[in-house]
Amino acid sequence: MVFKRAKEIFAEKLKLAGIRNLKYLRKPGRGDTFNRLAYLVADGRFKVVTGDEFGEILPGRMLDSAAGVNLLFSAGSVTADAVVLKDSGRFKGISVVSKKDFSYPDIAVDMRFFPYLLERERRSLLNQIEITFGIVRDYFTPENFYLIDGDGCCVPFLEEFFTPKVPFGVRSGVSERQILVLDPAAEKTLTRSDVDENTVIVFGGIVDHGERLKGATARIYENAVRRKIAYKGSILPVSDRINELTKILCDFLTCEDSLDVVIRRNLTRQGKLKVARELVMRNLMRIKDSNRVHRCIFFSFYRQIAEEFSLKDFHFRKASKHVNGFTVVKDEILDKIIGKKLVKGKEILCVEGLVDDYIVKKYP
458 MVFKRAKEIF
468 AEKLKLAGIR
478 NLKYLRKPGR
488 GDTFNRLAYL
498 VADGRFKVVT
508 GDEFGEILPG
518 RMLDSAAGVN
528 LLFSAGSVTA
538 DAVVLKDSGR
548 FKGISVVSKK
558 DFSYPDIAVD
568 MRFFPYLLER
578 ERRSLLNQIE
588 ITFGIVRDYF
598 TPENFYLIDG
608 DGCCVPFLEE
618 FFTPKVPFGV
628 RSGVSERQIL
638 VLDPAAEKTL
648 TRSDVDENTV
658 IVFGGIVDHG
668 ERLKGATARI
678 YENAVRRKIA
688 YKGSILPVSD
698 RINELTKILC
708 DFLTCEDSLD
718 VVIRRNLTRQ
728 GKLKVARELV
738 MRNLMRIKDS
748 NRVHRCIFFS
758 FYRQIAEEFS
768 LKDFHFRKAS
778 KHVNGFTVVK
788 DEILDKIIGK
798 KLVKGKEILC
808 VEGLVDDYIV
818 KKYP
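Numbering (the numbering used here), first residue to last: 458 to 821.
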């Protein structure tokens, strides 16, 4: 199922009301202002006021757009049809959107393993949760994110970390909803047909630097549906950070692109470094000529992963440090292979002539 973002629904309602340019009278904060305003208007905390009631509206400049409607701010040259502002009781405003217009799956983090985390792991988890909440607000609504903590053990830490108050809900459990656990060890990859507006997508609140809790996600809602976020069946390019997984998840559920395309689009710098490092290590081949043993990958493979994951020289230079350097060689070197033998369990290809004749790039 493909969901429309809150701002897209809001924009469609604005267009029906004859509003094509909406001006925001405050300075935009972090995150997707248009999407967050959609919920604030639906919640009644902000109002949409037309020029007939508000009076003269100064032109603004483009901040964002959705479904053919522009969100303006500051000073500019685009004429506004209405303003959106915090409800002070001064203006009646017009009815545009309500909460019932927003139907989304919930995204939750199960905190049952929080007592077993180290102090630095707890801090990392809370940082990820804070970012995750912001991402959900940028796609759905704040009400679609919460923590699950049956014992309330994490609440004191939340109250210390988030000031002046915890901005999202903490629930003791989930009832009357279809639970889907995102588990990297699941057999099946997530599809859109796995999710509808009655689904609760659950992450395990695990940050385990020492792998003390490896496989613990399997103990969360053991009878629930389990899916993994994977690229062509592999979790290699996929981050293990909850906030980065949530970005992929929300993007995937609100667009028509395949999961593979969405994962590539959301690869972070660290994600690209991980891909480069792991794929180079897995495909490294030792080729022996008359001078020495060369650690090589073939140019066709190098070009393929560079294009597929938008990798630059920077990523390969970083990856080379984990394998003590490697050389990119032309595929034509295969034509020169005259034999094979095993040395200490690793294959070495013996070639005539010099490998140097086939070198494309070197990463020392």
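From the three backbone atoms N, C-alpha and C, an ideal C-beta is built for every residue, glycine too.
Listed in chain order, the beta strand (DSSP E) runs fully inside the region 612-661 are 626-628, 635-639 and 656-661, counting runs of at least 3 residues.
In the DSSP assignment, Phe511 falls within the unbroken alpha helix (DSSP H) covering Gly508 to Phe511.
Counting every other CB atom within 10 Å of its CB across the protein chains shown gives Leu791 a total below 16, marking it as exposed. Between Arg628 and Ile605, the C-beta gap is smaller than 8 Å, which places the two residues in contact. Annotation for Val750: Arg743 place their beta carbon closer than 6 Å to its own, counting only its chain and skipping 5 residues before and after. Rounded to the nearest angstrom, the gap between the Cα atoms of Asp489 and Asp500 is 17 Å.
By the Cβ-count criterion, Phe771 is exposed, with fewer than 16 other Cβ atoms from all chains shown falling within 10 Å of its own Cβ.
Take Glu713, set aside five residues on each side of it, and the residues of its chain with a beta-carbon closer than 8 Å to its own are Val459, in chain order.
Taken through DSSP and simplified to helix, strand or coil, Tyr678 comes out as coil. Gly662 is the residue among Ser632, Pro641 and Gly662 whose C-alpha sits nearest the C-alpha of Cys610. The three-state reading of DSSP puts Ser522 in strand, counting E and B together. Lys472 has its alpha-carbon roughly 27 Å from the corresponding atom of Asp653. Per the DSSP secondary-structure output, His751 pairs in a beta bridge with Ile744.
Shortest Cα-Cα distance from Leu497 to any of Glu465, Ile699, Ser555 and Cys707 involves Ser555. Going by C-alpha positions, Phe709 is about 16 Å away from Glu465. DSSP, reduced to helix, strand and coil, places Glu668 outside both helices and strands of the structure shown, so it counts as coil. Within the DSSP bridge table, the entry for Leu583 names no partner.
In chain order, Arg579, Leu582, Asp606, Cys610, Cys611, Phe614 and Gly662 place their CB closer than 8 Å to the CB of Phe571, counting only its own chain and leaving out the 5 sequence neighbours on each side. Taking all protein chains in view, the Cβ of Ser696 is crowded by 16 or more other Cβ atoms within 10 Å, so the residue is classified as buried. For Tyr603, the pairing in a beta bridge is given by DSSP as Ala565 and Gly626. Straight-line measurement puts the Cα of Phe766 at about 15 Å from the Cα of Phe756. The continuous stretches of beta strand (DSSP E) do not include Ile705, which lies in the alpha helix (DSSP H) extending over residues Ile699 to Leu710.
In the three-state reduction of the DSSP assignment, Gly591 falls in the helix class.
Residue environment analysis places Ser777 among the buried positions, since at least 16 neighbouring C-beta atoms fall within 10 angstroms of its C-beta.
When DSSP states are grouped into helix, strand and coil, Ser696 belongs to the coil group. Pairing Ile677 with Ala643, the inter-Cα distance amounts to about 12 Å. Met738 counts as exposed, since fewer than 16 other C-beta atoms from the protein chains shown sit within 10 angstroms of its C-beta. By the neighbour-count criterion, in which 16 or more other beta carbons inside 10 Å mark a residue as buried, Ala532 falls on the exposed side.
In this structure, Val540 sits near Lys480, with a CB-CB distance shorter than 8 Å. In the displayed model, Gly517 falls within a strand according to three-state DSSP.
When rounded, the separation of the alpha-carbon atoms in Phe758 and Glu735 is 13 Å.
Inter-residue distance for Val732 and Lys549 is about 54 Å (C-alpha atoms, whole angstroms). Spatial neighbours of Ile795 in its own chain (CB-CB distance under 8 Å, excluding positions within 5 residues in sequence) are listed in chain order as Cys807, Val808 and Glu809. In the three-state reduction of the DSSP assignment, Ala776 falls in the helix class.
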